[in-house]
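Residue numbers (UniProt numbering), protein chains in the order written: chain A, 1 to 546; chain B, 1 to 350.
Glycine residues also receive a C-beta, built at the ideal position from the N, C-alpha and C atoms.
Keep in mind the model is a prediction, meaning the values are calculated, not measured.
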Amino acid sequence: MASSNPAAVAPVDDVHADSRSVSDESDSSNEEGWEDVEADDETQPVVDLFSDEVFPDARSMLKACKEKHQFDLLKIQKDLGLDFIDTIKLVNYVRTQVKAGNKTPDVDSKSKFDDDVYLKPVMEDDALLYSLDDITEEQGEEAATGSEAERRVLELQEDLERLQTQFSEYRLAVQQSMEDQMSKEDDKLDSKASKASGATKAQEIDEDYFASYAYNGIHESMLKDAIRTDAYRDFVYENKNLFKDKVVLDVGCGTGILSMFCAKAGAKKVISVDNSNIIDRAKEIVFDNEFGDVITLVRGKIEEVTLPVDKVDIIISEWMGYALLFECMFDSVIYARDRYLAPDGLMVPSHATLRIAPYADPDFMASHISFWEDVYGFKMTSMLLKIYDEALVRNIPSSTIVADSTVFLPLPLHTITVEELTFLKEFQVTLNQDIDALDGWAIWFDIFFMPSRDSPIPENAVPADMQKKGFVGFTTGPYGTETHWQQTIALIDHGSHKPKALKKGQVISGKIGYQKRDQEGSRGLNINIDWQGGDNTKGSQKWSLQ
Amino acid sequence: MSGTGAPQADAAISSSADRMVGMEHAEVRYFTSYDHHGIHEEMLKDDVRTRSYRDSIYQNRHIFKDKVVLDVGCGTGILSMFAARAGAKHVIGVDMSSIIEKAKEIVAVNGLSDKITLLQGKMEEVNLPFPKVDIIISEWMGYFLLYESMLDTVLYARDTYLVEGGKIFPDKATMYVAAIEDGEYKDDKIGFWDNVYGFDYSPMKQTALTEPLVDTVEMKALVTDPCPIITFDLNTVTAADLAFRVPYNLTAKRSDFIHAMISWFDIEFSACHKPIYFSTGPHAKYTHWKQTVFYLKDVLTIEEGEQVSGWIDNRPNDKNKRDLDIDLSYKFEINDPTRFAEGSCSYRMC
């Protein structure tokens with residue numbers, strides 16, 4: 001159970017502890033949960049419904065309302081059959097009326113205040129709203145008597161469960177509208193989110209919630225990619241001196257994990273930008289982890305948003321796509337670097353290298369290619385046509401790599417330009433075994449985190465060697481632990497390139513080119529490779545990643 | 001890295017491979033067109049599925065002989081070719097997806113072009129070369145049977161084109177639920193968000209709890225016997241029947257914890273001379289439909305012979321008809337107040 005929720009937002013989790021203990025009321029003193037309740041039973045001051053007077057807790061305030069203003073909230077709640085959300089509306093309705101000068105608001109029927117407008121708190125941090133569930137519970141407890149106690153306890157448990165759900169929804173709504181107001185001030189360009197009135201917020205949140213479902217799995221698989229996440233964590237935590245009191249920009253922050261690493265490492269300020277719905281979850285996560293004062297989340301494209309600072313000391317980003325450059329997100333990181341990074345600022349990570357190696361895998365070819373030749377008695381080889389047009393993304397066994405890989409593009413992140421991401425580069429490999437056929441080319445990348453913009457990496461650097469020297473880095477290649485990037489495989493079309501056996505020691509030289517395909521919003525990538533190895537193998541083919 | 005949306009076209013009729021692409025949400029973002037092909041490969045290689053269709057057609061040549069057959073959501077055309085080989089007078093395959101271009105090539109390569117007409121488009125919009133058909137074949141099932149399923153399209157085809165007394169292959173589908181012990185995996189899937197690299201990620205947890213999980217469940221995880229909840233007879237069912245609220249009652253066959261309910265379906269070809277069945281349950285051979293897991297907020301502690309009951313409510317989402325809203329309530333009614341549990345969870349398949 002999480003217990004780090006800031007008190008200002010609502011002790012939802014404490015309520016949860018409550019619900020467990022209620023069923024064990026008889027021997028409550030031994031219950032773990034019960035201690036919590038006692039300890040957390042610090043009542044918050046509550047502002048009177050009809051004046052500015054402050055009461056130590058909601059009960060005494062309501063008592064005063066009853067005596068001075070003949071306003072009995074609990075009775076109204078009971079008479080009108082109000083549920084939790086209704087009661088919240090009632091409170092906000094009364095506060096609105098009183099604020100407008102009407103000290104005797106009409107609460108004869110639910111319809112007076114049954115409007116989502118009243119879901120929005122009239123008063124910031126209205127402790128009464130947070131206390132409503134406790135009050136209901138107390139009332140219930142008073143009602144429980146003798147032999148009925150057990151049944152009553154179960155009912156209460158149910159009630160609480162229901163309230164908890166409603167309450168967390170409400171908590172989200174409150175949090176969301178607060179965030180929205182904050183970001184309205186922070187980000188003048190952000191229009192869409194803040195235009196929506198508080199009234200419909202709850203519904204919107206609901207929709208956003210559902211709209212983001214599909215993404216949960218993606219973020220889960222990325223966070224669980226320990227090779228990736230560990231590397232960022234290790235670099236940040238092992239170099240806290242670099243982050244201490246620095247201003248950091250996280251480009252494409254997702255759930256905010258890298259931002260929180262930086263905040264925990266002592267960054268003065270972290271600005272986190274993402275254009276996806278996930279940023280709403282990130283806001284909650286950052287808030288729950290009490291980094292709200294360090295991390296500022298901004299929704300939008302890095303090219304379009306206005307940041308609260310002009311320069312940053314560090315840019316951290318996890319921008320890598322398949323074959324490194326699929327999705328073109330790196331362009332945005334370069335934009336951010338040129339626009340926001342201080343002249344002596346640091347890019348995290350600092351270097352990437354793209355590698356290529358020849359690939360031979362008779363088993364794969366048999367199970368996935370030959371399969372189509374006889375499918376339940378039918379020939380389906382036309383399904384194969386596209387296989388050679390598309391690069392595959394999958395984890396391949398290292399035994400299918402038949403030469404030492406070679407770097408075809410080093411990317412020093414501090415200096416590389418967008419223009420350099422469209423290229424044609426030469427490479428050369430030497431087969432380290434005999435093969436029956438060259439089935440394709442495998443492409444992957446390595447990532448390095450150097451602690452200074454002046455520290456270069458050796459020309460043929462591999463992460464394992466750099467790790468031995470105490471630097472952080474990781475590989476997405478077939479010799480390392482699998483990552484969610486896998487490897488990119490460009491299969492050679494044996495229809496147009498007749499397979500030929502090749503001998504160990506055969507040198508194959510070639511050229512590999514990357515071109516972006518960013519027409520029609522597609523963020524795809526075209527890869528073309530020309531290769532030649534003696535008289536036996538020669539070819540040229542294009543693949544796309546989309 | 002930011003995510004992109006699921007590449008789900010607004011397709012009223014598409015091969016189930018395309019529907020599956022929409023579902024593999026963990027991988028959606030990474031799907032390349034090959035993997036799209038890979039999905040067809042996975043489905044064709046789903047031996048339980050493909051063999052059941054093949055057997056139900058090949059073992060009933062007398063039913064198919066000289067008949068006009070409609071294949072709803074034909075994909076690569078495999079079912080159409082089965083029907084043509086079984087002696088059908090003519091087969092019409094309809095699919096929204098561009099896979100139909102491949103299907104045309106495949107049908108031609110196999111010398112069946114004169115027997116099979118392939119049409120790309122919505123069932124409601126295409127013009128069939130025959131006013132009526134004798135048999136409808138379709139592989140319309142989705143995860144949880146109905147998610148992104150084409151059943152409503154099959155029903156439209158039935159009402160519009162099937163002759164009186166015509167046959168549907170398959171024609172019966174039964175959904176089941178059972179309860180499972182799944183502590184370790186629940187912890188991995190749901191508990192994971194409690195502590196992500198030292199941070200509290202509970203906002204993601206709430207989302208995770210409302211998201212049914214399509215996964216393979218081991219037989220030994222079952223704590224209760226299964227309970228059939230609803231059977232659809234395709235000869236009579238209407239589109240409105242696909243939104244339903246049904247009770248279930250599960251009896252524990254051993255004392256254990258219950259972390260989740262699971263659901264699966266069985267399919268029957270009852271129009272066959274000798275009926276053919278297949279099951280997508282945890283007791284049966286693997287299929288690409290796997291099972292659908294619904295994690296509960298509570299953990300129930302149940303003893304052998306005790307019963308947990310409740311309701312399952314399934315309906316298309318108001319705004320997005322292709323999504324399913326599923327409510328699952330449970331009541332574990334016993335005299336021991338420490339174990340008594342009652343609750344209800346809402347899920348969305350999207």
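Any C-beta of chain B under 7 angstroms from that of residue i
i       : result
K379(A) : yes
R152(A) : no
S382(A) : yes
Y130(A) : no
D288(A) : yes
E420(A) : no
R337(A) : no
E284(A) : yes
L249(A) : no
Y376(A) : yes
N216(A) : yes
R233(A) : yes
R281(A) : yes
M347(A) : no
S21(A)  : For S21(A), the pLDDT reaches just 33, beneath the cut-off of 50, and the residue's location in the model is therefore unreliable, although a value from the coordinates is still provided. No, S21(A) does not count as interfacial toward chain B.
Buried versus exposed call for residue i [16 or more other C-beta atoms within 10 Å across all chains shown]
i       : result
H484(A) : buried
E124(B) : exposed
G165(B) : exposed
T338(B) : exposed
G305(B) : exposed
M329(A) : buried
V375(A) : buried
Y176(B) : buried
R85(B)  : buried
H62(B)  : exposed
Y322(A) : buried
I529(A) : buried
K78(A)  : exposed
M330(B) : The identity of residue 330(B) in the sequence shown is Tyr, whereas the question assumes Met. Per the 10 Å Cβ criterion, buried.
L385(A) : exposed
When the options are compared against residue i, the one with the closest alpha-carbon
i              : options                            : result
F427(A)        : I278(A), R355(A), T381(A)          : R355(A)
Y277(B)        : E101(B), P170(B), A83(B)           : P170(B)
D336(B)        : Y347(B), M219(B), T301(B)          : T301(B)
D446(A)        : F84(A), C253(A), E482(A), D363(A)  : E482(A)
K268(A)        : G480(A), M61(A), I314(A)           : I314(A)
S344(B)        : D325(B), W311(B), E211(B)          : W311(B)
V214(B)        : T280(B), K167(B), L151(B)          : T280(B)
L438(A)        : L154(A), L160(A), L82(A), K500(A)  : K500(A)
Y130(A)        : D108(A), R59(A), Q97(A), F448(A)   : R59(A)
A89(A)         : K120(A), Q532(A), V273(A)          : With the sequence shown as reference, residue 89(A) is identified as Lys, and Ala is not the correct amino acid for it. Of the candidates K120(A), Q532(A), V273(A), the one whose C-alpha sits nearest the C-alpha of K89(A) is K120(A).
A391(A)        : G256(A), S544(A), Q532(A)          : S544(A)
I262(B)        : S138(B), I39(B), F144(B), F269(B)  : F144(B)
residue 547(A) : K297(B), K253(B), V107(B), V133(B) : Given a span of 1 to 546 for chain A in the structure shown, any question on residue 547(A) remains unanswerable.
Cβ-heavy atom distance, residue i to the ligand NAD, below 6 angstroms
i       : result
C227(B) : The ligand NAD is not among the ligands present in this structure, which contains no ligands whatsoever.
Residue-chain proximity (residue i, chain A), Cβ-Cβ < 7 angstroms
i       : result
E105(B) : yes
A84(B)  : no
Y286(B) : no
Are three or more beta carbon pairs between the stretch 465-482 of chain A and the stretch 504-512 of chain A nearer than 8 angstroms?
-> For the pair of segments examined, the stretch 465-482 of chain A was found not to touch the stretch 504-512 of chain A: the number of CB pairs separated by less than 8 angstroms stays below three.
Please list the segments of the beta strand (DSSP E) lying wholly inside the stretch 329-369 of chain A, counting only runs of 3 or more residues, in order along the chain.
-> Qualifying beta strand (DSSP E) stretches, in chain order: 341-348, 351-359.
Are at least three pairs of beta-carbons, each pair with one atom in the stretch 164-182 of chain B and one in the stretch 243-258 of chain B, less than 8 angstroms apart?
-> Touching, per the Cβ criterion.
Run through the stretch 417-490 of chain A for me and flag every whole beta strand (DSSP E) of 3 or more residues, listed as ranges in chain order.
-> Counting whole runs of 3 or more residues, the stretch 417-490 of chain A contains the beta strand (DSSP E) stretches 423-430, 440-449, 472-475.
Segment contact flag, the stretch 54-70 of chain B with the stretch 100-114 of chain B, C-beta cutoff 8 angstroms, min 3 pairs | Not touching, per the Cβ criterion.
Which residue spans inside the stretch 205-252 of chain B form an unbroken beta strand (DSSP E) run of at least 3?
-> Runs of the beta strand (DSSP E) inside the stretch 205-252 of chain B: 213-215, 227-233, 244-251.
Counting Cβ pairs closer than 8 angstroms, one from the stretch 387-401 of chain A and one from the stretch 349-365 of chain A, do we hit at least three?
-> Touching, yes, given that three or more Cβ pairs across the two stretches are closer than 8 angstroms.
Residue ranges of each beta strand (DSSP E) run of no fewer than 3 residues wholly in the UniProt domain "Methyltransferase" (69-144) of chain B, ordered along the chain?
-> Segments of the beta strand (DSSP E) lying fully in the UniProt domain "Methyltransferase" (69-144) of chain B: 90-95, 116-120, 133-138.
Cβ contact check for the stretch 231-246 of chain B and the stretch 149-164 of chain B: 3 or more pairs under 8 angstroms | By the Cβ rule, the stretch 231-246 of chain B counts as touching the stretch 149-164 of chain B, because three or more pairs are nearer than 8 angstroms.
Mind listing, in chain order, the continuous beta strand (DSSP E) runs of no fewer than 3 residues lying wholly within the UniProt domain "Methyltransferase" (248-345) of chain A?
-> Segments of the beta strand (DSSP E) lying fully in the UniProt domain "Methyltransferase" (248-345) of chain A: 269-274, 295-299, 312-317.
Whole runs of the alpha helix (DSSP H) within the stretch 77-115 of chain A, excluding any shorter than 4 residues | Considered as a whole, the stretch 77-115 of chain A harbours 84-99 as its complete alpha helix (DSSP H) runs of no fewer than 4 residues, in chain order.
Please confirm if the stretch 418-427 of chain A is in contact with the stretch 366-380 of chain A, defined as three or more CB-CB distances below 8 angstroms between the two stretches.
-> Taking 8 angstroms as the limit for Cβ pairs, the verdict is that the stretch 366-380 of chain A does not touch the stretch 418-427 of chain A.
Stretch-stretch touch, CB-based, cutoff 8 angstroms, three pairs: the stretch 216-228 of chain A with the stretch 200-218 of chain B = As far as the Cβ criterion goes, the stretch 216-228 of chain A touches the stretch 200-218 of chain B, which means the pair count is three or higher.
Is it a yes or a no for the stretch 264-280 of chain A touching the stretch 240-248 of chain A, going by three-plus beta-carbon pairs under 8 angstroms?
-> The stretch 264-280 of chain A is in contact with the stretch 240-248 of chain A.
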